[in-house]
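The working numbering puts the first residue of the sequence shown at 256, with every later residue one more than the last.
We treat Cβ as the ideally placed atom computed from N, Cα and C, and that holds for glycine.
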Amino acid sequence: MRSIIKAYGILLCRIFYNSTKTTTTDNSKIEFLFLKASYGNKHWTPPKGLHEDDEEGITTAKRETLEETGINEDKYKLLDFEKTLKYNVHNGMKETTYYLAVLLNNDETMDTKFVNKSGEIFGQEFRKRINSSFALYNQVGHLQPVGQDDMYDGSLTR
Numbered sequence: 256m257r258s259i260i261k262a263y264g265i266l267l268c269r270i271f272y273n274s275t276k277t278t279t280t281d282n283s284k285i286e287f288l289f290l291k292a293s294y295g296n297k298h299w300t301p302p303k304g305l306h307e308d309d310e311e312g313i314t315t316a317k318r319e320t321l322e323e324t325g326i327n328e329d330k331y332k333l334l335d336f337e338k339t340l341k342y343n344v345h346n347g348m349k350e351t352t353y354y355l356a357v358l359l360n361n362d363e364t365m366d367t368k369f370v371n372k373s374g375e376i377f378g379q380e381f382r383k384r385i386n387s388s389f390a391l392y393n394q395v396g397h398l399q400p401v402g403q404d405d406m407y408d409g410s411l412t413r
C-alpha cells in the first residue's frame, strides 16, 4: 500500500471593504493569492508544501507561505477554518490541508498578484479554481481568527 503524501498551505485572501468597513457581497471585492507551480503542468495553487519531520500542519503552512511568497505570518490573520482535500497524484494519494487567512494590508508587493473572481488574465481551468475558492470563502467568511485574543472586526488594520 502506498503512503499518503501530506501537504499544508494557506489560502490567503484580501478583502476590499466599502466606506462603512463592512464586507461587501460583491465577490469581485475578494481576491485570493495563487502561485504558478514550477513543476509538472505548471498549475495554479495557493502556497503549500510538504511537512518536515514532526512539524505541525499549521507550522508547515506558515513556513511554506513565507518561503514561496515572502509574506510572514504577521501580515495576515488566520481564520478558524481548515479544509483537507484528498486526490490522486502520479505516485499515489495526496492529502492537502488548507488554512484560510485574511491579509492585513491590501498593498500588493512587486512579486505577487492577487486575482479577483473573473480571473480574466488566466484560462478556463484557473477560473474554475478561483470559483471554487470563492465558494469555500463564502462558507467560512464570517469566522473568527484562530488563537488570537481579539475578534476579527472586519478591518484590515491592527
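- Of the residues K338, E328, V344, G264, the one whose Cα lies closest to the Cα of L359 is E328.
- Sequence-distant partners of G347 (beyond 5 residues in either direction) whose C-beta falls short of 6 Å from its own C-beta, in its chain, are R257.
- Taking every protein chain shown into account, the CB of E319 has 16 or more other CB atoms within 10 angstroms, so this residue is buried.
- About 10 Å separates the Cβ atoms of Y263 and P301, ruling out a contact at the 8 Å cut-off.
- Note on geometry: alpha-carbon atoms of E323 and I313 lie some 15 Å from one another.
- For Y294, DSSP assigns no beta-bridge partner whatsoever.
- The alpha-carbon separation between T351 and Y331 amounts to approximately 20 Å.
- Residue pairing by DSSP places N327 in no beta bridge whatsoever.
- Under the three-state reduction of DSSP output, R269 falls in the strand class.
- Residues E350 of the same chain have their beta carbon placed closer than 6 Å to that of K341, with the five preceding and five following residues left out of the count.
- Straight across, the Cα-Cα distance linking C268 with K297 is about 21 Å.
- Secondary structure of E322 (DSSP, three-state): helix.
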